[in-house]
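Reviewing the structure listed below.
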Amino acid sequence: MAQIAYHVSTGLPLWNYSIHAGTVLYLALEDDYRRLQERLYRMFGVDGTDTLHFATCAKQLGAGLYEQLARFVSEHRDTRLIIIDTLQKIREASGDRYSYASDYEIIGQLKHFADQTGIALLLVHHTRKQQADDKFDMISGTNGLLGAADGAFVLQKEKRTGNTAVLEVSGRDQPEQRLILKKNMERLIWELEKAETDVADSARSDSGKGCSFAVGRYFRVEWNTNRACRSIEVRAEA
Numbered sequence: 026m027a028q029i030a031y032h033v034s035t036g037l038p039l040w041n042y043s044i045h046a047g048t049v050l051y052l053a054l055e056d057d058y059r060r061l062q063e064r065l066y067r068m069f070g071v072d073g074t075d076t077l078h079f080a081t082c083a084k085q086l087g088a089g090l091y092e093q094l095a096r097f098v099s100e101h102r103d104t105r106l107i108i109i110d111t112l113q114k115i116r117e118a119s120g121d122r123y124s125y126a127s128d129y130e131i132i133g134q135l136k137h138f139a140d141q142t143g144i145a146l147l148l149v150h151h152t153r154k155q156q157a158d159d160k161f162d163m164i165s166g167t168n169g170l171l172g173a174a175d176g177a178f179v180l181q182k183e184k185r186t187g188n189t190a191v192l193e194v195s196g197r198d199q200p201e202q203r204l205i206l207k208k209n210m211e212r213l214i215w216e217l218e219k220a221e222t223d224v225a226d227s228a229r230s231d232s233g234k235g236c237s238f239a240v241g242r243y244f245r246v247e248w249n250t251n252r253a254c255r256s257i258e259v260r261a262e263a
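Everything in the sequence shown is counted per the working numbering, starting at 26 for the first residue and increasing by one.
Here it is as structure tokens:
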């Protein structure tokens, strides 16, 4: 997640595609500032950016989170991406917290915020340990999570101790994609090995090179930014 946040905030190309820079808010709610600083230093050295903002605590849904996010967006008009890591940290405790209706309502509320503000909202969530033929069935919770979201990413290591992972991408307005990534263990960043669909090639042919429109197909940060992708597996640390 830190890698995506940094690239969007700086506009540095990611996986051979260019990105239009914008302010990013990363709610790293299972982290602390020391670890974040150490990780970013290993990833990108001393090159900092004033457009990447971190927070390690936030209020919960229904208890002030929307007001916090709205205040940030009002103070940073060029905000393009908000990452919430993880869903569990902002979720209110309730008796039906894992019901379809509850899952659908939570994502629906977050999508409404993204629609209103015109930004991309990326919500990090856990997966089940049990394997499934459809990787998106591994997302913890009910189908209500995917039912309300415009898209989902699932990142899973091929081997628990390995450094290769597969990023599955599915969305309403795009074909399904499968990206093979390899982790640079020195810098702790994911590098693109190959894409197993023709989306990347067709995106390049649209303009002659990788462009922000193509990246939008992956991260929703350049076109239709009011639509939100929600889920990415977190055991393979980004």
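Where is the CB? At the ideal position from N, CA and C, for every residue including glycine.
{"Item": "Comparing alpha-carbon positions, which option in T74, V191, Y125 and T186 lies nearest G47?", "Value": "T74"}
{"Item": "Using alpha carbons as the reference points, say which of D57, F69 and L65 lies closest to T81.", "Value": "D57"}
{"Item": "Is it the case that the Cβ atoms of Y51 and I108 are separated by a distance below 7 Å?", "Value": "yes"}
{"Item": "According to DSSP, simplified to helix, strand and coil, what is Q85?", "Value": "coil"}
{"Item": "Which full runs of the beta strand (DSSP E) of 3+ residues lie inside the segment 168 to 199, going along the chain?", "Value": "176 to 182 and 189 to 196"}
{"Item": "Could you give the distance in angstroms between the alpha-carbon of L135 and the alpha-carbon of E92?", "Value": "12 Å"}
{"Item": "Classify V71 as helix, strand or coil using the three-state DSSP reduction.", "Value": "coil"}
{"Item": "Do you know whose CA, among L192, K219 and L213, lies nearest A27's CA?", "Value": "L213"}
{"Item": "Extract the residue ranges of the alpha helix (DSSP H) inside the segment 27 to 69, only unbroken runs of 4 or more that lie entirely within it.", "Value": "27 to 35 and 58 to 69"}
{"Item": "Counting along the chain, where does the beta strand (DSSP E) carrying D110 start and finish?", "Value": "T104 to D110"}
{"Item": "Using the C-alpha atoms, what's the distance from A83 back to L90?", "Value": "7 Å"}
{"Item": "Is the distance from the Cβ of V191 to the Cβ of Q199 below 7 Å?", "Value": "no"}
{"Item": "Going by CA-CA distance only, name the one from F178, Q85, L37 and H137 that's closest to H151.", "Value": "F178"}
{"Item": "Identify every residue that forms a DSSP beta bridge with V149.", "Value": "D110"}
{"Item": "Just to confirm, are V49 and D110 a CB contact at a threshold of 7 Å?", "Value": "no"}
{"Item": "Return helix, strand or coil for H8, following the three-state DSSP convention.", "Value": "Outside the displayed span of the chain (26 to 263) sits residue 8, for which this structure offers no information."}
{"Item": "Determine the closest residue to L37 out of T76, L94 and A53, with distance taken between C-alpha atoms.", "Value": "T76"}
{"Item": "Taking 8 Å as the limit between beta carbons, can you name the residues of its chain near E183, skipping five residues before and five after?", "Value": "T189, A190 and V191"}
{"Item": "Starting from the Cα of L86, find the closest Cα among A95, I29 and L65 and give me that residue.", "Value": "A95"}
{"Item": "Helix, strand or coil for R203 per DSSP?", "Value": "strand"}
{"Item": "What do you get for Q62, buried or exposed, if any count of 16 or more other CB atoms within 10 angstroms of its CB means buried?", "Value": "exposed"}
{"Item": "Residues bridged to I214 by DSSP?", "Value": "N209"}
{"Item": "Hey, how far is the Cα of D72 from the Cα of Q141?", "Value": "33 Å"}
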